[in-house]
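Quick note on UniProt numbering: the sequence shown kicks off at 1 and runs consecutively. Written out below as structure tokens is the structure these notes cover.
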Amino acid sequence: MNIHQIDQYLNVTADAALEDYMRAFMLKIPFENINVQNNIPISTSTDDLFDKIIINHRGGFCYELNTFFRAYLTAKGFHAYNAAATVKSPHGWALEGSHMTTLVQLDRLYIADVGFGDLPMKPVPLSALEAPDIVDDINGRFRAIQTGGRFELQKETDGSFNTLYKGLTDEKSLADFAAMIDYNQHNPQSIFVQNLLITKAQADGRVSMSQDHLTITKNGDKQKIKLTAENYREYLKTYFGMDITINRLE
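Next comes the structure, spelled out in structure tokens:
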């Protein structure tokens with residue numbers, strides 16, 4: 001029985017089921033790069049990811065989370081695959097194709113990215129600029145504009161949509177990301193090597209941790225708490241469900 005047959009039996013549409021899976025995943029599993037910070041090698045084996053995420057209540061960054069989520073969706077009967085994207089930051093574009101996202105083919109293509117840290121808890125359909133589909137979420141308003149085999153994922157800021165990342169709709173394998181996985185866990189220029197990044201969606205916003213602060217966002221209001229070696233583990237357990245030492249905070 002495939003996903004469409006299951007949905008018909010349960011009277012649930014495939015896009016509604018996908019949204020449920022995304023929301024549950026993002027509310028439970030944080031984006032985090034603690035292993036990179038602690039110089040622990042990253043594995044994208046689904047068995048290792050199951051142990052890390054499910055058994056040990058951890059998260060991961062894009063290569064881990066989107067690999068695991070794609071495998072989960074595939075097991076559920078979805079046509080899901082990983083694709084390469086390039087992230088835009090305030091300082092310019094990151095390395096070409098260094099971000100792994102997840103695409104799902106339903107009536108059309110949807111972005112179902114659980115490994116970025118600032119995206120909605122629901123799939124974003126690829127649509128034309130002339131008739132864009134807007135996705136509203138507690139974290140903002142989003143759209144994905146497709147032109148041929150290319151797309152741009154955008155978020156509204158101050159009344160205009162700005163690109164978060166751009167990518168190609170072509171399917172990519174883990175081997176295609178091997179160089180970028182190595183770069184982002186070892187190269188001193190990598191943002192993941194330079195900075196601690198932990199973030200998790202909340203029903204009313206988001207909570208994030210850096211090496212300096214815990215930031216709690218609720219309904220658009222932000223509260224910042226300074227982190228120390230004495231308090232970070234308490235916040236890590238309270239807000240992210242993790243009990244682990246972070247070397248750079250000790």
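We put the beta carbon where it would ideally sit given N, CA and C, even for glycine. As the structure is a prediction and not an experimental result, all values here were calculated from the model.
What does the alpha-carbon distance come out to for the pair residue i and residue j?
i: residue 26; j: residue 20; result: 10 angstroms
i: residue 128; j: residue 143; result: 10 angstroms
i: residue 177; j: residue 165; result: 16 angstroms
i: residue 133; j: residue 247; result: 43 angstroms
i: residue 10; j: residue 28; result: Caution is warranted here: a pLDDT of 46 is assigned to residue 10, below 50, making its placement in the model unreliable, and the coordinate value is therefore given only provisionally. Going by the C-alpha atoms only, they are around 24 angstroms apart.
i: residue 199; j: residue 88; result: 18 angstroms
i: residue 238; j: residue 78; result: 34 angstroms
i: residue 167; j: residue 103; result: 11 angstroms
i: residue 195; j: residue 210; result: 7 angstroms
i: residue 47; j: residue 158; result: 43 angstroms
i: residue 85; j: residue 93; result: 11 angstroms
i: residue 130; j: residue 113; result: 24 angstroms
i: residue 58; j: residue 244; result: 9 angstroms
i: residue 189; j: residue 219; result: 34 angstroms
i: residue 175; j: residue 45; result: 12 angstroms
i: residue 73; j: residue 201; result: 20 angstroms
i: residue 39; j: residue 225; result: 26 angstroms
i: residue 234; j: residue 187; result: 30 angstroms
i: residue 54; j: residue 126; result: 31 angstroms
i: residue 52; j: residue 80; result: 22 angstroms
i: residue 6; j: residue 18; result: With a pLDDT of 46 at residue 6, under the threshold of 50, the predicted position of this residue should be treated as unreliable, and no value is reported.
i: residue 254; j: residue 13; result: A query on residue 254 cannot be resolved here, the shown segment of the chain reaching from 1 to 250 and no further.
i: residue 76; j: residue 60; result: 22 angstroms
i: residue 221; j: residue 193; result: 29 angstroms
i: residue 203; j: residue 183; result: 33 angstroms
i: residue 56; j: residue 140; result: 31 angstroms
i: residue 217; j: residue 208; result: 8 angstroms
i: residue 223; j: residue 232; result: 16 angstroms
i: residue 91; j: residue 163; result: 13 angstroms
i: residue 119; j: residue 136; result: 10 angstroms
i: residue 70; j: residue 97; result: 18 angstroms
i: residue 1; j: residue 191; result: Residue placement at residue 1 is poorly supported in this model, since its pLDDT is 41, which falls under 50; the coordinates still yield a value, given next. For residue 1 and residue 191, the distance between alpha carbons rounds to 43 angstroms.
With a Cβ-Cβ cutoff of 8 angstroms, do residue i and residue j count as a contact?
i: residue 63; j: residue 42; result: yes
i: residue 83; j: residue 155; result: no
i: residue 236; j: residue 242; result: yes
i: residue 185; j: residue 36; result: yes
i: residue 169; j: residue 109; result: yes
i: residue 100; j: residue 117; result: no
i: residue 161; j: residue 30; result: no
i: residue 32; j: residue 214; result: no
Please report the Cβ distance between residue i and residue j, rounded to the nearest whole angstrom; I am assuming they are in contact, meaning their Cβ atoms lie under 8 angstroms.
i: residue 106; j: residue 15; result: 6 angstroms
i: residue 124; j: residue 111; result: 4 angstroms
i: residue 180; j: residue 95; result: 7 angstroms
i: residue 122; j: residue 23; result: 7 angstroms
Tell me, please, which residues DSSP counts as bridged to residue i.
i: residue 100; result: 84
i: residue 218; result: 205, 221
i: residue 125; result: 110
i: residue 137; result: 140
i: residue 150; result: 147, 168
i: residue 60; result: 31
i: residue 198; result: 32, 209
i: residue 157; result: 160
i: residue 185; result: Paired residue(s): none; residue 185 is not in a bridge.
i: residue 79; result: 105
Would you check if there are 3 or more beta carbon pairs closer than 8 angstroms linking the segment 141-159 to the segment 64-81? Contact fails between the segment 141-159 and the segment 64-81, because fewer than three Cβ pairs, one in each stretch, are under 8 angstroms apart.
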